[in-house]
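Engineer: Going letter by letter, the sequence shown gives residues -23 to -1, 1 to 593 in mature numbering (1 follows the signal peptide of the UniProt record, and there is no 0).
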Amino acid sequence: MQRHFKRLILSLQLALLCAGALAATEAVPTKPPAAKTPVELQQRLASLLKEKTLPGASYAVFDLKETLLTGQLGVGNQKTQAKVSDKTLFRIGSITKTVTAIAVMQLIEQGQFDLQTPVAELLPTLPIKNPYDSSDPVRVIHLLSHSAGFEDEHPKGFHSDTEVRGQHLQTSQRQNEALVARWRPGHHHSYSNPGYVVLGAILEAHYKQPWDDIITRQVLKPLGMNDSLALTSMAEKLDHADGHSGAEMRSTGNDFARTQADGALWCNAADLAKLGRFALSDGASSPGVLKPESVRLMKTAQATDGARAGLTHGYGLGLTHLIIDGVRWQGHTGAVPGQSAVLMFHPEQGMGFVLLINSDMPKRKLVEALTAYVIGQSHWQRPAVTTQAIDAELEGWYRTAPGRTELFGLIEVLMNVGHITVKGDSLLMSPILPGLGPNASFKHHGKDLLAEADDGDVVASVVLRDSAGKTTGIQMDGRHMFKVSTASALLPMASVLLSLALLLSAPFGRRKALQNPWLRRLPSLALLSLIGGLACALSLNFAIMGQLNWQTIGILLATTAFPLFAIAGMFVSLRTWKQESASVAKWRCLLASLAALVLSAWFAAHQLFALALWAW
């Protein structure tokens, strides 16, 4: 599953609320020249592997007709020092979604259903809460394009002690009482693994077989991906790479996934290159698997307001766009604990590449080395562009729409706010506080299409307007930002910062100024519980965040105690108000307790009250 829950977002929420420091800036290093030969590429990647403390990797470069080269680096297991071979299987995470999408598109070609078919017609027993169901039901296209509005997977839903086959529908029903459409389906993109779990259930309902059998027969074998496996239990019996975490290359093991359709496949680089060549060639590399028009549809941005406004950049049907070094590529990426994968191709260059790594450490430098090599081989030239002035009516405040999980909610409300100013053909988005929030510069390429300066001339954003032509928001490389009032943009942050300042002042003051010491003790205890919850959150990682342990118990206790101390503090302050003669001291304590209540209201509004992560 793709890069989700690397660190507990709660720690980000609490840490960023308490932080006021500016983000540190670093000088941009000079990039080395692109490798020109396979030997130079191997040397460059080997050097980066060592520099980034990565255990092992496997890669491939392909064009429309064949795999041009493959290479292996390092070890598949740090403890045994087993070398990565051309047969070594890596878990590819969310690239699995591309394979699931191909199988679904096959049924659509057969006329079993179509992209607009409501999911309720295919899975009548699947509970979906959709306030817009009468006019906008959740459809197949919404699952494929991550535009159903479903929240992403919760921590408890990722792993299982045993490998479960053929139960995608049961898993969807067990993890949530209902899948909730948080907004009108087909308008916003928000990456959601449960959507692809439902697609796995649709496949299993049609074929009456487990997903792994369906995928092997319908997709893997027809594409010639004969070494690829859909089950971890099978991969562990063969030459496979174990996951590693951190610079110390700590083994993460290979946990079983509760579901397979969203991220369970194991591939070697040569096999994964066949999937890339299939998408790059519009299916010509494996005739009969899908029609060319179906593959092209998979590569086309779908089912969002941005796509309807003319933006071609975005998530399609199991394939997406990614900007690397100012160049737009297509494909998919994947990440699971201890392993990551990249499958990218460039239609205009007619080439692509695969990179598999058995570590969760950053891999961007290796990806850039491969993209530079491919561009050098294809001699592709960036197209010339022209810019145009844009309407100053765009100026104002914008807030990002709700993201992948509600655990992000508070930080999004507070931090994901920016102000846009317009000057000629340029838009400048400034964060609400320096270093905290969206900060970007755009050029207008005409027809409300925008390119961010850091992304070169790649158009990845578009202005959203209503039927009267009034600006309602901007879709920015998959993010949806809505225009909001100045009050809506500034008041949440102001209330939280002021509350924190008042709460932080609670422990200070003359010790004997108050007759009842609990006036100061209660808001001070609230502050300590907040700090304790932060400490527990900072010590969590992906592997244990959905388990019952001292960290998650500490977070539960802290998020329960904090509002209780706030309420008690207010009660004691009001009850003893007339008895206390120290005006300054009693006002400070009252305001500190009131501040704790304000923060408690924010936490409760975003599901952070009595937070039991193992059950969430």
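Ideal placement from N, C-alpha and C gives every residue a C-beta, glycine not left out.
Quick check on this structure: which residue in Ala286, Thr193 and Gln195 has the alpha carbon closest to the alpha carbon of leucine 441?
Structural biologist: Reading the sequence shown from its first residue, position 464 is the one you call residue 441. Among Ala286, Thr193 and Gln195, the Cα nearest to that of leucine 441 is on Ala286.
Engineer: On a CA-only basis, which of Leu274, His356 and His166 is nearest glycine 283? Give me that one, please.
Structural biologist: As a first step, residue 283 must be located in the sequence shown, where it is residue number 306. When each option's Cα is compared against that of glycine 283, the closest is His166.
Engineer: Thinking just about the alpha-carbon of each residue, which of Glu86, Ile79 and Leu590 is nearest to the one in proline 199?
Structural biologist: Taking the sequence shown and counting its residues from 1, the one referred to as residue 199 is at position 222. Cα-wise, what sits closest to proline 199 is Ile79.
Engineer: In or out: histidine 221 buried (at least 16 other Cβ within 10 Å) or exposed?
Structural biologist: Counting from one through the sequence shown, the residue named residue 221 turns up at place 244. The residue in question, histidine 221, is buried, as its Cβ has 16 or more Cβ neighbours within 10 Å.
Engineer: Thinking C-beta only, is glutamate 389 closer than 7 Å to glycine 395?
Structural biologist: Residue mapping note: residue 395 aligns to position 418 of the sequence shown, counting from 1. Residue mapping note: residue 389 aligns to position 412 of the sequence shown, counting from 1. Contact: no.
Engineer: Tell me the rounded alpha-carbon separation between alanine 562 and proline 104.
Structural biologist: For the purposes of this step, residue 562 is taken as residue 585 along the sequence shown, with counting starting at 1. For the purposes of this step, residue 104 is taken as residue 127 along the sequence shown, with counting starting at 1. Cα to Cα, the separation comes out at about 54 Å.
Engineer: Which same chain residues end up closer than 6 Å to residue 598 when comparing Cβ atoms and leaving out the 5 residues on each side of it in sequence?
Structural biologist: Only positions -23 to 593 of the chain appear in this structure, which leaves residue 598 out of reach.
Engineer: Helix or strand or just coil, what does DSSP make of glutamate 314?
Structural biologist: Residue mapping note: residue 314 aligns to position 337 of the sequence shown, counting from 1. Checking the displayed sequence, the identity of residue 314 turns out to be proline instead of glutamate. Correct three-state label for proline 314: coil.
Engineer: Less than 6 Å between C-beta atoms, sequence neighbours within five positions excluded: which residues of the same chain meet that for threonine 529?
Structural biologist: As a first step, residue 529 must be located in the sequence shown, where it is residue number 552. Closer than 6 Å at Cβ, skipping near neighbours: Leu590 and Trp591.
Engineer: Please return the same chain residues whose Cβ sits closer than 6 Å to the Cβ of aspartate 425, not counting the five positions on each side in sequence.
Structural biologist: By 1-based counting over the sequence shown, the position of residue 425 is 448. Same-chain partners within the cutoff: Val439 and Val440.
Engineer: Could you give the uninterrupted runs of the alpha helix (DSSP H) lying entirely in the segment 89 to 128, keeping only those of 4 residues or more?
Structural biologist: Entirely contained in the segment 89 to 128, the alpha helix (DSSP H) runs reaching 4 residues are, in chain order, 96 to 99 and 117 to 121.
Engineer: Is the beta carbon of threonine 229 sitting closer than 7 Å to the one on proline 314?
Structural biologist: Walking along the sequence shown from the start, residue 229 turns up at place 252. Walking along the sequence shown from the start, residue 314 turns up at place 337. Closer than 7 Å, so yes.
Engineer: Once DSSP output is grouped into helix, strand and coil, what is the label at residue 613?
Structural biologist: The structure shown does not extend to residue 613, since the chain is modelled only from -23 to 593, so the question has no answer here.
Engineer: Leaving out five residues on either side along the sequence, give the residues of the same chain with a beta carbon under 8 Å from the beta carbon of valine 436.
Structural biologist: Working through the sequence shown from its first residue, we reach residue 436 at position 459. Correct list, in chain order: Leu288, Thr289, His290, His422, Leu426, Leu427 and Ala428.
Engineer: If you compare alpha carbons, which of Gly531, Asn493, Gly177 and Gly201 is closest to glycine 510?
Structural biologist: Walking along the sequence shown from the start, residue 510 turns up at place 533. With distances taken between Cα atoms, glycine 510 lies closest to Gly531.
Engineer: Expressed to the nearest angstrom, what Euclidean distance is found between the alpha-carbon atoms of glutamate 3 and proline 411?
Structural biologist: Position 26 of the sequence shown, counted from the first residue, corresponds to residue 3. Position 434 of the sequence shown, counted from the first residue, corresponds to residue 411. Because glutamate 3 sits at a pLDDT of 40, beneath the cut-off of 50, its placement in the model cannot be relied upon, and the following sentence gives the value as read from the coordinates. Computed Cα separation, rounded: 15 Å.
Engineer: Determine, using beta-carbon pairs with one atom in the segment 337 to 353 and one in the segment 28 to 44, whether at least three such pairs fall under 8 Å.
Structural biologist: yes
Engineer: Would you identify the three-state DSSP class for valine 331, choosing helix, strand or coil?
Structural biologist: For the purposes of this step, residue 331 is taken as residue 354 along the sequence shown, with counting starting at 1. Correct three-state label for valine 331: strand.
Engineer: Residues in the same chain with beta-carbon distance under 6 Å from alanine 581, minus the five sequence neighbours each way, listed in chain order, please.
Structural biologist: As a working note, residue 581 is residue 604 in the sequence shown. Annotation for alanine 581: no residue places its beta carbon closer than 6 Å to its own, counting only its chain and skipping 5 residues before and after.
Engineer: Valine 461 and leucine 496: beta carbons closer than 7 Å?
Structural biologist: Here residue 461 is taken as the residue at index 484 of the sequence shown, counted from 1. Here residue 496 is taken as the residue at index 519 of the sequence shown, counted from 1. Not a contact, by the Cβ cut-off of 7 Å.
Engineer: Measuring only the C-alpha atoms, how far is glycine 126 from proline 494?
Structural biologist: Counting from 1 along the sequence shown, the entry for residue 126 is found at position 149. Counting from 1 along the sequence shown, the entry for residue 494 is found at position 517. For glycine 126 and proline 494, the distance between alpha carbons rounds to 49 Å.
Engineer: Tell me whether alanine 207 is buried or exposed, calling it buried when 16 or more other Cβ atoms sit within 10 Å of its Cβ.
Structural biologist: Position 230 of the sequence shown, counted from the first residue, corresponds to residue 207. With 16 or more other Cβ atoms inside 10 Å of its own Cβ, alanine 207 counts as buried.
Engineer: State the DSSP-derived secondary structure class of arginine 341, mapped to helix, strand or coil.
Structural biologist: Position 364 of the sequence shown, counting from 1, holds the residue named residue 341. Arginine 341: helix per DSSP, three-state reduction.
Engineer: Between the Cα of alanine 369 and those of Gln279, Thr348, Gly401 and Met321, spot the shortest distance and give me the residue it belongs to.
Structural biologist: Locating residue 369 in the sequence shown gives position 392, where the first residue counts as 1. The option with the nearest alpha carbon to alanine 369 is Gly401.
Engineer: Restricting to runs no shorter than 4 residues, where is the alpha helix (DSSP H) found entirely within the segment 393 to 462?
Structural biologist: Qualifying alpha helix (DSSP H) stretches: none in this window.
Engineer: By alpha-carbon positions, which one of Asp129, Gln354, Glu345 and Ala430 ends up nearest to valine 362?
Structural biologist: Against the sequence shown, residue 362 aligns to sequence position 385. Of the candidates Asp129, Gln354, Glu345 and Ala430, the one whose C-alpha sits nearest the C-alpha of valine 362 is Ala430.
Engineer: How would you label serine 210, buried or exposed, when you count the other beta carbons within 10 angstroms and need 16 or more for buried?
Structural biologist: Position 233 of the sequence shown, counting from 1, holds the residue named residue 210. With fewer than 16 other Cβ atoms within 10 Å, it is exposed.
Engineer: Ignore the nearest five residues each way along the sequence and tell me which others in alanine 490's own chain have a CB closer than 6 Å to its CB.
Structural biologist: What you label residue 490 is simply residue 513 of the sequence shown in a count that begins at 1. Ala559 and Ala562, listed in sequence order.
Engineer: Here's a check: name, in chain order, each residue in its chain whose Cβ is nearer than 7 Å to the Cβ of glutamine 492, leaving out the five neighbours to either side.
Structural biologist: To locate residue 492, count along the sequence shown from 1; it is residue 515. Cβ neighbours of glutamine 492 beyond the five flanking positions: Gln556 and Glu557.
Engineer: Which residue or residues does DSSP assign as beta-bridge partners of methionine 321?
Structural biologist: As a position in the sequence shown, residue 321 is number 344, starting the count at 1. In DSSP, methionine 321 forms a bridge with Gly308 and Phe330.
Engineer: CA-CA distance, leucine 533 and alanine 346?
Structural biologist: Numbered from its first residue, the sequence shown carries residue 533 at position 556. Numbered from its first residue, the sequence shown carries residue 346 at position 369. Rounded to the nearest angstrom, the two C-alpha atoms are 44 Å apart.
Engineer: What three-state label does DSSP hand glycine 265 in the structure shown?
Structural biologist: Here residue 265 refers to the residue found at position 288 of the sequence shown. In this structure, glycine 265 counts as coil in the three-state DSSP scheme.
Engineer: Per the contact definition of three or more C-beta pairs closer than 8 Å, is the segment 321 to 328 in contact with the segment 452 to 460?
Structural biologist: no
Engineer: Answer with buried or exposed for glutamine 20, where buried requires no fewer than 16 other C-beta atoms within 10 angstroms of its C-beta.
Structural biologist: Indexing the sequence shown from 1 puts residue 20 at position 43. Counting Cβ neighbours within 10 Å, glutamine 20 comes out exposed, since fewer than 16 surround it.
Engineer: Counting only the same chain and skipping the five closest in sequence on each side, list residues whose C-beta sits under 7 Å from that of leucine 571.
Structural biologist: Position 594 of the sequence shown, counted from the start, is the residue given in the question as residue 571. Result list for leucine 571: Met547, in chain order.
Engineer: Output the boundary residues of the beta strand (DSSP E) element that contains leucine 496.
Structural biologist: Taking the sequence shown and counting its residues from 1, the one referred to as residue 496 is at position 519. Leucine 496 -> not in any beta strand (DSSP E); alpha helix (DSSP H) instead, spanning 495 to 515.
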